[in-house]
Every structure is written in structure tokens, then in C-alpha cells.
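Position 136, counted from 1, in the sequence shown is what this note's numbering calls 154; the numbers after and before it change by one each time, with no gaps. Using N, Cα and C, we set each Cβ at its ideal position, and we do this for glycine too.
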Amino acid sequence: MAGLEGIEQPRGPSRATAARWSPAVEDERALKALELFGNPTDGEVPLPSRPESAATARRLAQVVVLRQWGLTPKMTEDAVLLVSELVGNAVRHTGARVFGLRMRRRRGWIRVEVRDPSRGLPCLMPVQELDVSGRGLFLVDKLSDRWGVDLLPRGKTTWFEMRVADR
């Protein structure tokens, strides 16, 4: 294709694609994200409001929930998905340049917070079986034990909590 020299063109599923993704590679990327952006359990981690920040937030959540907190793979999968949904909403709907990610654990619970400078409230919409978008808060509502929004003097924090078994 003219004008696309040096850019790898997609060829459908291939061994090259499979070789690029592996649990070890993903683990390495997660640890690199932790090193670059900081640990969201130590304090709020600022992330740029760009679509690729959803992947960074997922990786940070995976490191925290699976490695540091030692929760089950299912709990980790759900938490990572919900982090991605809250981050996606912050990126798509707030007009922010930066948003913050924070993760906390207390006896029997984990809490994930995404703070942004918009005071516009997210809206839980009815979801139909064939809908291709608008499922984010629906998933948060179904997979978390509770969720909400705290309005701040400048912006808001959207959060979810999940019950967890203490070790």
C-alpha cells in the first residue's frame, strides 16, 4: 500500500500476533506501567486522558489486585474490566487532559476510584442485547457490589467497590 512503508500491515490471526502477547510479556508491561506511573495504592496516579491509558490502568490494576492483594483470577478479571470501563468513561466523556486512578483495600473490600475534572455525572442507561456501546456503567453496576460518584469542588470521583475474602 502506498504511503504505508515501514508500517506492519495486519494479516489476520497469525503466529506473529500470538508471539507478541503472552502472560510473561503482559506481566512485564504491567510492571513497567507501575514503574512509570506509580502505584495506585500509594496515592492517586495521574494518567493522560488518551485511549491507550485504559490499557495502562488495566495493567496497574492487574499488578495490584493479583500480585499485591493476592485475589483470585476471577476477582482480578472483574476488577480489571471495571477499571477499564471507568477509565474509558473518563477519557471519552469528560474532556479532561488528565485523570487520576486510585485503588484501596480495607478489610473485606476493595475500592477503585477514577477522578476527573468534570462535574458531569455518569448515567446508567438501559442496555439492549444488541447494543455495541453504552455498556460500561451497566457492567460496573452488575459486577461490583456498589458504585457511585462523589462530587468534588472541581470535578468528581467515580468509584466502585467489591467484596473480597480476607486472607
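Burial state of residue i, where buried means 16 or more other Cβ atoms lie within 10 Å
i	result
Val167	exposed
Arg125	exposed
Lys40	For the record, residue 40 in the displayed sequence is Ser; it is not Lys. Exposed, since its Cβ has fewer than 16 Cβ neighbours within 10 Å.
Ala42	exposed
Gly154	buried
Gly61	exposed
Leu142	exposed
Gly217	With the chain covering 19 to 185 only, the question about residue 217 has no answer from this structure.
Ala48	buried
Leu89	buried
Val140	Before going on, a small fix: residue 140 reads as Pro here, not Val. Buried, by the Cβ-count rule.
Asp134	buried
Which of helix, strand or coil DSSP assigns to residue i
i	result
Val182	coil
Arg186	What is shown of the chain runs 19 to 185, which leaves residue 186 out entirely.
Gly166	strand
Pro171	coil
Thr59	coil
Pro64	strand
Val132	strand
Leu22	With a pLDDT of 43 at Leu22, under the threshold of 50, the modelled position of that residue is not reliable, and no figure is offered here.
Gly30	Any answer about Gly30 is weak, because its pLDDT of 47 lies below 50 and its placement is not dependable; what the coordinates show is given next. In this structure, Gly30 counts as coil in the three-state DSSP scheme.
Supposed close pair residue i, residue j - CB separation, criterion 8 Å
i	j	result
Val101	Arg76	6 Å
Lys174	Arg137	6 Å
Val132	Thr176	5 Å
Pro9	Arg120	Within the shown structure, residues of the chain are numbered from 19 to 185, placing residue 9 beyond reach of any answer.
Met180	Ala97	6 Å
| request: Check whether the segment 45–59 touches the segment 74–85, counting contact only when three or more Cβ pairs, one atom from each stretch, lie closer than 8 Å. | output: Verdict: yes, contact present.
| Can at least three beta-carbon pairs, one atom from the segment 71–78 and one from the segment 98–111, be found at a separation below 8 Å? | Yes, the segment 71–78 touches the segment 98–111.
| query | Hey, which unbroken runs of the beta strand (DSSP E) at 3 residues or more fall wholly within the segment 76–127? | reply | Listed in chain order, they are 116–124.
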